[in-house]
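Have a look at the structure below, then the notes.
Residue numbers (my numbering), protein chains in the order written: chain A, 80 to 317; chain B, 760 to 1358.
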């Protein structure tokens, strides 16, 4: 099966077992859910961090640059049906960056976003959740997660996530090395508020990482474009 | 931003650790390091760190002083002196209005400070200044320009020096241009400034593009004796927009678009004016300071409980107090409640969570434990559309179909993107059919190599038609290419957790060169095992053989006919017919040697 589909299936299973619901979110997204609601100010340099495909003749619409819209969309959806936190959700799917492609860059790739909101969800919980996810998806006997300071408008504090996998069944090239794997943090109070919740009552973590990146690391794939090549010389190996 | 270790050292009494140790300190407590360069000849032993300053710290850390401040907190080493705090109040007297400045809209220019310096002598910069600028990748120009650049890289305030004799009537106006205007920049490049561009002008022309670049006509040259030194503060959004429109990014625009404090202007002005007098002589005869609305002082509060509640830590009040002390953040403490007086340059500190981040990164994220979430109070829901996709996937894979992902971009469609790099295929697809058809054709060329009788593909993906985003299921095989909407049943799910995943351990790189297919048929005795024959063929064919299979057999009396398909391919070149024929000769020889009859 396609390596991306296999990983999405596995990631979903791991998070499902930790209580996370998989949620849908559109690919053609509004500026609000992709940027504004996630605390990106208008005309702010933070928007340059991602090269965006904007829609022609549809002002305020774009191809989503990340799966993070779930941070606002999911609480909103839950509240509509009268369900209060705690929430746990993952959003998995295609995202877009308007850039030239090469062995390590694709304009279309896959991302997983996860979030947990409650009265007492902490940064330590984020570390614990990611540790388990990486251990399971990379078949490690153990995994460690390391945070480095970073900045995303939608999280405060924000961190870069590194992981280190150990154990005989972990991919050899990965074993016992620190690898950069994603971005994360505690949801910014403005984002909690934009989802319709009171940031004085609720807090949460959110993280995002590339499914393609996980595939590259897990199977030693040398070119990200293979994932989207529709080439069976690649796909039928999995 | 490029940060020189020698430059940083000017902020400390104690010798700083080696560059790698500085890089590690910053990496785990402040910023990513893109590279470390160590100079051996030009700047003996200096090392330069390329520090990736995050957008929230562009206010204060696009400067050596900002990075020194960070290192002081991280390494817990005091600074010798902080150019922005702890010294005497900056004096900018006299103000004689020798140069008159009018600011049209203070929203776009919250502060404009300037100094008139007369009797300077333009010349080369001293060694220390040239070395400092060159270490961070800047070219030395002359003592005046170098002084302004040095102060910008030192404390983060961009400055600009005008030759006063070239300013008409000694009057400056900060305004938006009333009509399109041609402008020649200091580097001789011409720009057409659109109407409404924010500029500094005399009563005739734009003299500089505000916050971005100075103009040629009022530039400093060897004959300059009197200068007007400008240190202003500009609206970030305006600078960002102008910079984008003109496709002109400068060290100044990078700083202004991230927004810097208007308080900083006067520190920059004073430091640069003093440095110029020191390097080029002359006398400061007048200051200007248009600053109608001072920056408000801000306090932010947080409690140790709140810090621990967000981070999941067990820090004590003393730990939190220690972080604020190391960061030189003045605070009032009442039990576990901290109220911080935010320094003017730290525009990033606004809400309690900002202070929590300061605590987390200075204490160190390694102090955060990995604690799994408790068991969830509710059962997670199964996603019906994902489940439907998984069902379809399983069914098709069982029938020998391979899943592909093709691009959402197409030659035609209902909706398009505005700004695609390269401009090709700007439309969003309305169907999966075209992508699948093309994928099918491409894979059919490799059918022998793949050992497939028929290429069978499917894709589950979004299309955009009739104004909606819909997920379709498309299939391609010898019967053609079809698509339907992905059928979503309302049934409850049985198999979410039992679905198989790939058991492949490693990806095997494959050759991108074309392959050559040859068939061989032969008569062999009925009892002969085709596997043995195939082994013989493989041995004879050598390592260029990448795929081989038995594809036809029939018996005729005591004899049976076997037909094999052989695919040859090289990893480093396109094979010729001769290559394949040579390999086939070896195969024939091996088969004949066994007494088999080639048909």
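All residues carry an ideal CB built from backbone N, CA and C; glycine is no exception.
Since this is a predicted model, take the numbers as computed values, not measurements.
CB contact check: residue 247 of chain A to chain B, cutoff 8 Å: no
Beta-bridge pairing of residue 979 of chain B - partner residues as DSSP gives them: According to DSSP, residue 979 of chain B bridges with nothing at all.
CB contact below 8 Å: residue 132 of chain A versus chain B: yes
Beta strand (DSSP E) segment containing residue 175 of chain A, residue limits: 166-175
Proximity to residue 314 of chain A [Cα-Cα], best of B:1043, B:968, B:1274, B:1165: B:1165
Minimum Cβ-Cβ distance from residue 819 of chain B to chain A less than 8 Å: no
Chain-ordered neighbours of residue 324 of chain A on chain B, where CB pairs are closer than 7 Å: Only positions 80 to 317 of chain A appear in the structure, and residue 324 of chain A is not among them; the question remains open.
DSSP three-state assignment for residue 243 of chain A, whether helix, strand or coil: strand
Residues bridged to residue 808 of chain B [DSSP beta-bridge criterion]: B:762, B:795
CA-to-CA distance, residue 149 of chain A to residue 117 of chain A, given in whole angstroms: 10 Å
For residue 815 of chain B, the three-state DSSP class (helix, strand or coil): helix
Helix, strand or coil at residue 236 of chain A [DSSP, three-state]: strand
Residue closest to residue 1136 of chain B, alpha-carbon to alpha-carbon, out of A:96, A:82, A:246: A:96
Nearest to residue 1012 of chain B (by Cα), restricted to the options B:1022, B:1020, B:1021, B:1001: B:1001
CB contact below 8 Å: residue 795 of chain B versus chain A: no
Residue 1179 of chain B at chain A interface by Cβ criterion, 8 Å: yes
Min CB distance residue 955 of chain B to chain A below 8 Å: no
Three or more C-beta pairs below 8 Å linking the stretch 1175-1195 of chain B and the stretch 1116-1126 of chain B: no
Close beta carbons around residue 813 of chain B, own chain, < 6 Å, minus the five adjacent residues each side: none
Other residues of its chain near residue 249 of chain A: CB distance less than 8 Å, five sequence neighbours each side excluded: 217, 218, 219, 220
Within chain A, partners of residue 1144 of chain B - CB distance below 8 Å: 103
Beta-carbon separation (whole angstroms), residue 858 of chain B vs residue 875 of chain B, contact threshold 8 Å: 5 Å
Residue-level contact to chain B via CB, residue 164 of chain A, 8 Å cutoff: no
Minimum C-alpha distance to residue 1326 of chain B - residue among B:1049, B:841, B:1209, B:862: B:1209
Complete alpha helix (DSSP H) runs within the stretch 896-972 of chain B (minimum length 4 residues, chain order): 902-914
Own chain residues within Cβ distance below 6 Å of residue 210 of chain A, not counting five before or after: 222, 224
contact_flag[the stretch 763-779 of chain B, the stretch 84-103 of chain A] where n(CB pairs < 8 Å) is 3 or more: no
Cβ-Cβ distance between residue 954 of chain B and residue 934 of chain B below 8 Å: no
Identified DSSP bridge partners for residue 1275 of chain B: B:1327
Candidates A:196, A:190, A:136, A:81, of which the one nearest residue 276 of chain A by Cα: A:196
Contacts around residue 1104 of chain B, its chain only, beta-carbon distance under 8 Å, and the 5 residues preceding and following it disregarded: 818, 819, 825, 843, 915, 1019, 1020, 1022, 1023
Complete beta strand (DSSP E) runs within the stretch 1077-1117 of chain B (minimum length 3 residues, chain order): 1089-1093, 1096-1100
Simplified DSSP state of residue 1058 of chain B, which is helix, strand or coil: strand
Proximity test, Cβ basis, 8 Å: residue 1198 of chain B and chain A: yes
Interface residues of the stretch 803-818 of chain B facing chain A [CB-CB below 8 Å]: 813, 814, 815, 816, 817
Minimum C-alpha distance to residue 1183 of chain B - residue among B:1167, B:1198, B:1192, B:1197: B:1167
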